[in-house]
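Visitor:
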Amino acid sequence: MLEEILEYQKLDAKLVAVEQEIANSKAKKVVNQMAEFVKTAQMGLVNIEKNASTLIQEYEELNTKFENLLKEVETITKIKFDDLDNTNLIEQEKRANECVAELLVVEKNISNLSKKINNTLKEFDTTKAKGMQAKQRHTQGMKEYNDLVNKKETEIAHLKSELLKIEKSVDKKLLEKYKKMREDKKFPVFVPLISNSCGGCSMQLPTSQLNKLEQAGMMECENCRRVIFINKK
Ligand SMILES: [Zn+2]
Numbered sequence: 174m175l176e177e178i179l180e181y182q183k184l185d186a187k188l189v190a191v192e193q194e195i196a197n198s199k200a201k202k203v204v205n206q207m208a209e210f211v212k213t214a215q216m217g218l219v220n221i222e223k224n225a226s227t228l229i230q231e232y233e234e235l236n237t238k239f240e241n242l243l244k245e246v247e248t249i250t251k252i253k254f255d256d257l258d259n260t261n262l263i264e265q266e267k268r269a270n271e272c273v274a275e276l277l278v279v280e281k282n283i284s285n286l287s288k289k290i291n292n293t294l295k296e297f298d299t300t301k302a303k304g305m306q307a308k309q310r311h312t313q314g315m316k317e318y319n320d321l322v323n324k325k326e327t328e329i330a331h332l333k334s335e336l337l338k339i340e341k342s343v344d345k346k347l348l349e350k351y352k353k354m355r356e357d358k359k360f361p362v363f364v365p366l367i368s369n370s371c372g373g374c375s376m377q378l379p380t381s382q383l384n385k386l387e388q389a390g391m392m393e394c395e396n397c398r399r400v401i402f403i404n405k406k
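The opening residue of the sequence shown carries number 174 in my numbering; numbering runs sequentially from there.
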């Protein structure tokens, strides 16, 4: 019963190795890294756009303010000063001066804002270019990754058919347990007892458990859930 599943595991180890070779390949790393880059760039672009729309709104508000001040100055210059009494004249002059001072401030703010908007546009272009580059490298990586998968396809198919062949001789319950663990990416599933410890996670087994194992020949590790067996010499 144990012999068959161990034989199965031995063959499956070859499949695991191929799968790991693909998963750990440089192409796969490039694909993952570039996907991350593209995502970051996209998020960056969304933020920059939000930022830009706030700046443009600010810009429009300042422009309106600028135009209103200009209109006010224009109105003041059209007043016939001869018709005004002294108090009114002083008031109008004061307001005109205020308008000019405000205009200067608004003008300066508009100029600063223009610079900010230009910088934001530049940042947008840079981020976009970086995103496009990452996208291209991602596509290239995908191609290399697919080439690798295709290259390994025959080997994988062969191993899978071999596994299927010997599967029939394996105890059903053990196989079920095995496949579940394998899905959870725990490998190997069946591990020998090494110096009274689990051959998978190295947890030391208490005497009571050792006795149980001695009797049953195999048992599940309480820590890592692998199946510990006694290696018959
Ligand atoms: Zn364990």
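Yeah, the Cβ is synthetic: ideal placement off N, Cα and C, and Gly gets one too. The model shown is predicted, which means the values in this text are computed figures rather than measured ones.
1) With distances taken Cα to Cα, identify the nearest neighbour of Asn384 among Lys289, Asn369 and Cys397.
2) Verify whether the separation of the beta carbon atoms of Tyr351 and Lys201 is less than 7 Å.
3) Mind checking Met204: buried by the 16 CB within 10 Å criterion, or exposed?
4) The alpha helix (DSSP H) spanning Phe363 covers which residue range?
5) Counting only the same chain and skipping the five closest in sequence on each side, list residues whose C-beta sits under 7 Å from that of Cys394.
6) So which of Asn291, Lys223, Arg355 and Ile403 has the shortest CA-CA distance to Gln193?
7) Please say whether Gly304 and Ala214 have beta carbons closer to each other than 7 Å?
8) Assign Leu332 to one of two classes, buried (16 or more other C-beta atoms within 10 Å of its C-beta) or exposed (fewer than that).
9) Determine the burial state of Gln182: buried for a count of at least 16 other Cβ atoms within 10 Å of its Cβ, exposed for fewer.
10) When you measure from the CB of Arg355 to every non-hydrogen atom of ligand 1, does any distance come out below 6 Å?
11) With the cut-off set at 7 Å, would you say Val219 and Lys325 are in Cβ contact?
12) Apply the 10 Å Cβ neighbour rule to Ala274 and answer buried if 16 or more other Cβ atoms are within range, or exposed otherwise.
13) At a cut of 8 Å, does the segment 241 to 253 reach the segment 265 to 285 through at least three beta carbon pairs?
14) In the structure shown, what three-state DSSP assignment does Ser334 receive?
15) Note down the Cα distance separating Ser284 from Glu222, rounded to an integer number of angstroms.
16) Which class does Phe210 belong to by DSSP, given the choice of helix, strand or coil?
17) Any heavy atom of ligand 1 closer than 6 Å to the beta-carbon of Asn396?
18) With distances taken Cα to Cα, identify the nearest neighbour of Leu347 among Asn224, Thr250, Glu247 and Met391.
19) Are the CB atoms of Thr293 and Ala225 nearer to each other than 7 Å?
20) Does the Cβ of Ile178 have 16 or more other Cβ atoms within 10 Å, making it buried, or fewer, making it exposed?
Guide: On the basis of the data shown:
1) Counted from its first residue, the sequence shown places residue 384 at position 211. For Asn384, the nearest C-alpha among the options comes from Asn369.
2) Locating residue 351 in the sequence shown gives position 178, counting from the first residue. Locating residue 201 in the sequence shown gives position 28, counting from the first residue. It is not a contact, given that the beta carbons lie outside the stated cut-off.
3) In the sequence shown, the residue the question calls residue 204 occupies position 31. Strictly speaking, residue 204 in this sequence is Val, with Met absent from that position. By the 10 Å Cβ count, Val204 comes out buried.
4) Here residue 363 refers to the residue found at position 190 when the sequence shown is read from its first residue. That residue, Phe363, is in no alpha helix (DSSP H); its beta strand (DSSP E) goes Phe363 to Ile367.
5) Counted from its first residue, the sequence shown places residue 394 at position 221. For Cys394, where only same-chain residues beyond five positions count, the Cβ hits under 7 Å are Cys371, Gly373, Cys374, Met376 and Ile401.
6) Counting from one through the sequence shown, the residue named residue 193 turns up at place 20. Per the Cα distances, Arg355.
7) Taking the first residue of the sequence shown as position 1, residue 214 is located at position 41. Taking the first residue of the sequence shown as position 1, residue 304 is located at position 131. A contact, by the Cβ cut-off of 7 Å.
8) Here the question's residue 332 lines up with position 159 in the sequence shown. Its Cβ being crowded by 16 or more others within 10 Å, Leu332 is buried.
9) Position 9 of the sequence shown, counted from the first residue, corresponds to residue 182. That one is buried.
10) As a first step, residue 355 is located in the sequence shown; it is residue number 182 there, counting from the start. Outside the cutoff, so no.
11) Along the sequence shown, read from residue 1 onward, the residue named residue 219 stands at position 46. Along the sequence shown, read from residue 1 onward, the residue named residue 325 stands at position 152. In this structure, Lys325 does not lie closer than 7 Å to Val219 by Cβ.
12) Here residue 274 refers to the residue found at position 101 when the sequence shown is read from its first residue. Per the 10 Å Cβ criterion, exposed.
13) yes
14) Numbered from its first residue, the sequence shown carries residue 334 at position 161. Note: Ser334 maps to helix in three-state DSSP.
15) In the sequence shown, residue 284 corresponds to position 111, counting from 1. In the sequence shown, residue 222 corresponds to position 49, counting from 1. If I take the Cα positions, the gap works out to 20 Å.
16) The residue labelled residue 210 in the question sits at position 37 within the sequence shown. Helix, per DSSP.
17) For the purposes of this step, residue 396 is taken as residue 223 along the sequence shown, with counting starting at 1. Answer for Asn396: yes, Cβ within range of ligand 1.
18) Position 174 of the sequence shown, counted from the start, is the residue given in the question as residue 347. The candidate whose alpha carbon is nearest that of Leu347 is Met391.
19) Locating residue 293 in the sequence shown gives position 120, counting from the first residue. Locating residue 225 in the sequence shown gives position 52, counting from the first residue. Contact: yes.
20) Locating residue 178 in the sequence shown gives position 5, where the first residue counts as 1. The residue is buried, with at least 16 neighbouring Cβ atoms inside 10 Å.
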